[in-house]
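The structure appears right after this line, and notes come after that.
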Amino acid sequence: MGRKAKLSLRYKLLLYKALLRPVISYTSPVWGAAAKTHIQTLETLQNSTLRMITDAPWFIRNKNILHNLKVPTIKDFFSKLATNFFNQIDNHTNPAIRCLSPRTILRFPGKSEDLALFSCRTTVGSSESSIQNSRPTRVATTS
Numbered sequence: 066m067g068r069k070a071k072l073s074l075r076y077k078l079l080l081y082k083a084l085l086r087p088v089i090s091y092t093s094p095v096w097g098a099a100a101k102t103h104i105q106t107l108e109t110l111q112n113s114t115l116r117m118i119t120d121a122p123w124f125i126r127n128k129n130i131l132h133n134l135k136v137p138t139i140k141d142f143f144s145k146l147a148t149n150f151f152n153q154i155d156n157h158t159n160p161a162i163r164c165l166s167p168r169t170i171l172r173f174p175g176k177s178e179d180l181a182l183f184s185c186r187t188t189v190g191s192s193e194s195s196i197q198n199s200r201p202t203r204v205a206t207t208s
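Quick note on our numbering: the sequence shown kicks off at 66 and runs consecutively.
Next comes the structure, spelled out in structure tokens:
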């Protein structure tokens, strides 16, 4: 699909959302710990694709294209996917999967990362025992 394709803008955008964005956002909850340069590379890919879809001239800002098409930035889209993913983990019926969700996030002022502590409650036999797996894991700041 090129800049001058005969498809309408609506269908070009639909193709982007149905075919390219799922490839870009594959395993996006993990991207929270990625370097800013890697996220920026994906942002650049999205911006160039949307610019090609709209056939926008060079002087139109990417922010305006995103706003007019009602497409979130990659960072915002990944944040939404990660939030939904971790909410689903919290509500999962399997207790082993519920243990994967961060229970405590420690904030460090001036740092680009937070520290998430994972804790888990498991049932052994008929009695419930509390196993504190304090596995510190770095996660990106959401602010």
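Ideal placement from N, C-alpha and C gives every residue a C-beta, glycine not left out. The structure presented is a predicted model; accordingly, all values stated were derived computationally and were not measured.
Between the beta-carbon of residue i and the beta-carbon of residue j, is there less than 7 angstroms?
| i | j | result |
| --- | --- | --- |
| THR114 | TYR81 | yes |
| SER93 | LEU131 | no |
| ILE118 | LEU107 | no |
| ARG68 | ASP120 | yes |
| LYS140 | ILE104 | yes |
| TRP96 | PHE151 | no |
What are the start and end residues of the alpha helix (DSSP H) that includes residue i?
| i | result |
| --- | --- |
| LYS77 | 74–80 |
| PRO87 | 86–89 |
Taking 7 angstroms as the CB-CB limit, is residue i close to chain B?
| i | result |
| --- | --- |
| THR138 | No chain B is present in this structure, which holds just one protein chain. |
By Cβ distance, which residues of its chain are closer than 7 angstroms to residue i, with the 5 residues on each side in sequence left out?
| i | result |
| --- | --- |
| HIS157 | ARG163 |
| ASN112 | ASN127 |
| VAL136 | LEU115 |
| THR138 | GLU108, LEU131 |
Give the list of continuous beta strand (DSSP E) stretches no shorter than 3 residues that lie fully inside the stretch 112–174.
Annotation: the stretch 112–174 contains the following complete segments of the beta strand (DSSP E) (minimum length 3 residues), in chain order: 169–171.
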